[in-house]
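J.: Pasting in a structure now, in structure tokens, and then I'll have a few things to ask.
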Amino acid sequence: MRKKADKVIEDIKENVKYLSQLGVESIQEDSAEETLREKISHCQECPLSQTRRNAVPGEGSIKTDLMFVGEAPGREEDIQGRPFVGRAGQLLTKIIGAMKYRREDVFITNIVKCRPPQNRVPRKEEIEKCKGYLFKQLEIISPKVIVALGKSAADFFIHSQLGMTALRGDLYEFNDIKVMPTFHPSYLIRNEGNRKIKKMVWEDMKKVMAVLGKK
Ligand code: URA
């Protein structure tokens, strides 16, 4: 009996060692994220579930200090089930690279996990139904900084009447997490020739890097 128990313990140790070699440091966090991802993928809580092709839970590292939160999946994201993979996503990937991170080093998600028809702004009741998923992601990941991309994301974390131009440039707090609101990459694309907007976003990202000790 004793020998059998020793063998079971030995096997568990071996498995834990193997998983840690694979980079799985916290089995609990990994499985919580996996469970949440499953839940989001099958969610039927709001009418967006009727028109989506795929829910888009988010992707990246759950061991990260840095999270990017956008508004909602667009067409390409809905097709692929991945966040920020269209044109705006390519620009976001470049911004992340300029901050000396790889895309897989940070966590990228949205306020709502399903695409609104015709990419309309998500409705208040859709955000209400979906917000538990984002809260759970914040609990699992526990980032130091959230970059809120665009007005919808900024409004979710920061209660202010200010527009993005006035709001950006400063760090705010949300449940002990620092929040940097900045212009959405789609807005940068729509104003491609405007170097001032580009410069403002970069200034915001430099402040984020300073908080995270990145040079
Ligand atoms: N815009 C967003 O806000 N999120 C995406 O995932 C893609 C585009």
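First residue of the sequence shown? That's 154 in the numbering used here, and the numbers climb one at a time after it. The C-beta atom is built at its ideal place from N, Cα and C for all residues, glycine as well.
According to DSSP, which residues form a beta bridge with Phe327?
T.: In DSSP, Phe327 forms a bridge with Ile330.
J.: For Gly213, which of helix, strand or coil comes out of DSSP?
T.: Strand, per DSSP.
J.: Express the C-alpha separation of Thr262 and Lys284 in angstroms, rounding to a whole number.
T.: When rounded, the distance between both Cα atoms is 12 Å.
J.: Under the three-state reduction of DSSP, which class applies to Gly242: helix, strand or coil?
T.: If DSSP states are grouped into helix, strand and coil, Gly242 belongs with the helices.
J.: Helix, strand or coil for Met317? Go by DSSP, reduced to three states.
T.: Three-state DSSP puts Met317 in a helix.
J.: Go ahead and label Pro269 buried or exposed: buried means 16 or more other beta carbons lie within 10 angstroms of its beta carbon, across all protein chains shown.
T.: Classification of Pro269: buried, given that the 10 Å Cβ count is 16 or more.
J.: From Gly366, Tyr286, Ser305, Thr335, pick the residue whose C-alpha is nearest to that of Leu245; which is it?
T.: Ranking Gly366, Tyr286, Ser305, Thr335 by Cα distance to Leu245 puts Thr335 first.
J.: What do you reckon, are the CB atoms on Ser305 and Glu224 nearer than 8 Å?
T.: For Ser305 and Glu224, yes; Cβs fall inside 8 Å.
J.: When DSSP builds the beta bridges, which residues end up paired with Val300?
T.: Phe221, Met333.
J.: Between which two residues does the alpha helix (DSSP H) containing Phe288 stretch?
T.: Start and end: 277-294.
J.: Taking C-alpha atoms, which residue in Met333, Lys331, Ile330, Lys351 lies nearest to Tyr340?
T.: The shortest C-alpha separation from Tyr340 is found at Lys351.
J.: For the 8 Å Cβ check, are there 3 or more pairs between the region 234-241 and the region 201-214?
T.: Taking 8 Å as the limit for Cβ pairs, the verdict is that the region 201-214 does touch the region 234-241.
J.: Just verifying my parser: in three-state terms, what is the DSSP assignment at Phe237?
T.: In the structure shown, Phe237 sits in coil (DSSP, three-state: anything other than H, G, I, E or B).
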